[in-house]
Amino acid sequence: MAAVISFILTGRIRRAFKMNRFVLKAAVVSFFAGMTLTVSAANPFSDVDTDSWAYQAISSLSDQNIVEGYPDGTFRGNKHLTRYELAQVVARLMAKSDRLSAEQQAVVGKLAGEYKDALTDLGVRVAALEKKTGRTSLLTELRVHGVNRYDNVFKDKKASHFETGARVRLNTLTHVNDRSYIYGQLQTHISMNGNELYDVNKLNYNKDGSTSVRGGHEDGGVHLNRLFATYQFGKKQDTEKLPMGPTKNLIGIGQFPVKMGVTGYTYDGEFKGAFLQFGDYVKGGHLTLAYGRATNINYDYTGPMMHGVSGDYLKVPPTAKQILITELQNNKAIKKAVLKQPELARLIPKAGKTIHDSETLRDLNDGLLGIFKDIGKINPALAKAVMDKVNKSNLFGTMYYDTHSNVLYPMGKDVVMDWGADEDVPAVYASYIYKVPEKWEFHAYGLKAVGPVGHITKAYGFAGSYDITPQWNLHGEFVKNLCKLPLNNERPYSYNYGVSYGHASVLKPKSYSFGLDYVYSQAGTYFGGSGNDIADQYMGHIYQNWNGLGKMPAYFADKMDALTDGDKSNDHVKFGGAKFFLAKAQYVPMKGLIIEANYGFNATDMGGKKMDNMFLLKATAYIK
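As structure tokens, then:
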């Protein structure tokens, strides 16, 4: 018997179209004796003696529809077995592979490979070759959380609300074939205490200052968070023990996840586009190149950069007034024109008073238009020259004020996005990561924004994680933006480092971890979508109602306050950003459930303004 099985599997009879039917069936049955098969109550074949040693085996296989006899009710055990008949046996064994041991499955796989052509003719998919293709698996992720959301984390601790909510994610994995997979993720947020839930992608922003909720992002609404397909190229990877599909040499397209560094403080979200990965992301080194639109952008934070801020309520900085008044008094063209046309002289003091009395940018803009009109009545050429001079003057430092649209662009005239344009930021991303599982990993990455914000985001970063012992871990990151930001007139950088003890795994009950991180993040190195809710609030802090303008990023609001307070010593203080400690703990009470707690404390911005402490508690269950 063993010799027969070995004979079949070693391929010594590559053309095995003649084999004794009885001997083969007895050998197959004996080999798969470990299967739970039911013995037939009646003799299925008239030519098989019930006293025969093979009777039970043949009856069992007949009951399971693995073997068939002939129309006359005989088995014909002495008849030679055709290659086609043997393929039928193999196909039926494959259909019951879930009842076989690993060793038995391996044997069936080899038989399937030997009789691949015949099985194809039968229209049978070979499980050993196609890994049960066409199947879709579902993983449900349910998170319940509670966290403070601050309207103004600097000034009024009472201006906050406690957010209690749930997040549900339906993760799907579709196995197209051994090289191709499709990944999907549907997501919804549900408020559990009636307070509005925070969602970086929730709102659309309109030119008139109004907002509207994006489809699927309302409370209880369902939206597609991820949907991408991958193809594994190069040498075929064995995915038998890879539940998420191939891990090396991948081409992907769709909306896929991108995480920068080991913590995700800088950016942890999705791109809409395509990526190319060389190497294995589980172990060893891999290089990833990606192009797409970053979707997890905090639009409250980035919107003023791209769309600017209306000048209706913005105060005119004293320095801007002084620049204009000095220009009127000392401009050579004006002095020359006054000598030729003395009636112009009376307009100079009037213009100076108009500028001095202007409170808002709207007032200033309207006043300047009136001045140009009066000058134009006397000397049209001079009016045009003065207007061009004012438009080119650096009234607001490196910020840009468009007098025609009455909009101030805090990041300069090159960072201007039209209303109605897609607010997802286009970007090119590259990373190299080397991993030695459960020992250490190293990251090097670069990000270059494209389009309007391309002038302010061109960054690179390094990150690393090292297990000092099986329990103790050290990790750290550094990010540098090569673009000089107009507000602080610097090329910002950020870093974080931390230590942790233990390793919490959702698959390992009673596992745990706790640790402490320090984060230093200058404005311009936070890309709008941190992987941590507390870090996201600190680094991308928003004033909910600044000077009647509604939501405003702290880095911009504080800069404008400094420019308009009349104290020049405040004009050069570093604004925005955050530096803070973040304590983290995780515990797995049972398989598939992880509980996390985060606490942020000793937080200030780059100018030293203190922020409130924050606490976050969440529990996430994974149901397959």
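Numbering of the sequence shown is given in the numbering used here, commencing with residue 654 and proceeding in unit increments. Using N, Cα and C, we set each Cβ at its ideal position, and we do this for glycine too.
Nearest candidate by alpha-carbon position, reference residue i, set the options
i	options	result
Lys855	Leu839, Met958 and Asp872	Asp872
Pro1123	Lys1137, Ser1153 and Tyr1054	Ser1153
Gly1193	Val1159, Pro1242 and Phe1209	Phe1209
Thr817	Ile843, His870, Arg832 and Ile1109	Ile843
Tyr934	Asp1224, Lys1271 and Pro1090	Pro1090
Thr1013	Ala1207, Gly1230 and Leu1202	Leu1202
Val1069	Ala1272, Glu849, Ala1038 and His960	His960
Ile978	Lys993, Leu1017 and Gly945	Leu1017
Gly1005	Gly1151, Leu1021 and Ala1272	Leu1021
Leu1135	Ser1166, Trp1125, Leu1169 and Gly1099	Gly1099
Lys1092	Asp1214, Ser1164, Asn1032 and Lys936	Lys936
Tyr1148	Thr919, Arg999, Val875 and Gly887	Thr919
Asp1186	Lys985, His1009 and Asn1251	Asn1251
Asp891	Asn830, Trp1199, Ala927 and Gly874	Asn830
Tyr1062	Met958, His870 and Arg820	Met958
Ala882	Pro910, His876 and Glu893	Pro910
Gly1104	Leu1138, Ala1080, Ile1121 and Gly1155	Ala1080
Leu929	His870, Gly887 and Asp1010	Gly887
Tyr954	Leu826, Gly945 and Ala1207	Ala1207
Asp1214	Gly938, Thr948, Pro971 and Val853	Pro971
Met634	Ser1164, Val962 and Ala986	The question about residue 634 has no answer here: the residues shown for the chain are numbered 654 through 1277.
Ala1097	Lys985, Ala1256, Lys912 and Leu895	Lys912
Thr1051	Pro995, Ala1038, Ser1058 and Lys1066	Lys1066
Thr1178	Tyr1275, Gln982, Gly1114 and Gly956	Gly1114
Val1172	Leu1140, His1128 and Asn1198	His1128
Asp1218	Val969, Asn1255 and Glu1094	Val969
Ser624	Arg822, Thr1257 and Leu895	In the structure as shown, the chain begins at 654 and stops at 1277. Residue 624 is therefore absent and cannot be evaluated.
Lys925	Glu1249, Lys1277 and Ile906	Ile906
DSSP beta-bridge partners of residue i
i	result
Phe1254	Phe1234
Glu923	Pro910
Gly818	His798 and Ser844
Leu967	Beta-bridge pairing links Leu967 to no other residue.
Glu1094	Lys1088 and Ser1118
Ala882	Ile835 and Ile906
Ala1102	Ala1080
Tyr1173	Tyr1148 and Lys1232
Ala1112	Leu1100 and Asn1134
Ile1008	Looking at the DSSP assignment, Ile1008 forms no beta bridge with any residue, so it has no partner.
Ile1247	Thr1273
Asn830	Asn830 pairs with nothing; no bridge assigned.
Ala934	The sequence as given places Tyr at residue 934; Ala does not occur at that position. DSSP output for Tyr934 lists no bridge partner at all.
Thr789	Thr827
Tyr1196	Met1205
Under 8 Å between C-beta atoms of residue i and residue j
i	j	result
Phe1233	Tyr1191	yes
Tyr834	Gly898	yes
Val915	Ala1236	no
Tyr1346	Leu940	Because the chain is modelled from 654 through 1277, residue 1346 falls outside the range shown and cannot be assessed.
Gly1182	Asn951	yes
Lys1133	Ala1102	no
Met1040	Ala1176	no
Leu880	Gln840	no
Gly1023	Thr1007	yes
Arg832	Lys901	no
Leu792	Asn824	yes
Glu980	Ser1046	yes
Leu826	Tyr836	yes
Val1078	Arg867	no
Arg788	His814	no
Span of the beta strand (DSSP E) around residue i
i	result
Phe1131	Trp1125 to Asn1134
Met1267	Met1267 to Ile1276
His939	Gly937 to Ala947
Leu850	First-last for Leu850: undefined, no H or E at that position.
Val866	Thr864 to Val866
Tyr1054	Tyr1053 to Asp1055
Tyr1062	Val1060 to Tyr1062
N- and C-terminal bounds of the alpha helix (DSSP H) containing residue i
i	result
Met1213	Ala1207 to Thr1217
Thr1178	Premise fails: Thr1178 is in no alpha helix (DSSP H) and is neither H nor E.
Thr955	Tyr952 to His960
Asp1027	Leu1014 to Ile1031
Tyr1191	Asp1186 to Met1192
Leu992	Lys985 to Lys993
Check: residue i C-beta below 7 Å from any heavy atom of the ligand SAH
i	result
Asn1223	The ligand SAH is absent from the structure shown, which contains no ligand whatsoever.
Inter-stretch contact (C-beta, 8 Å, three-pair minimum) for the stretch 1244 to 1262 and the stretch 1144 to 1160: Verdict: yes, contact present.
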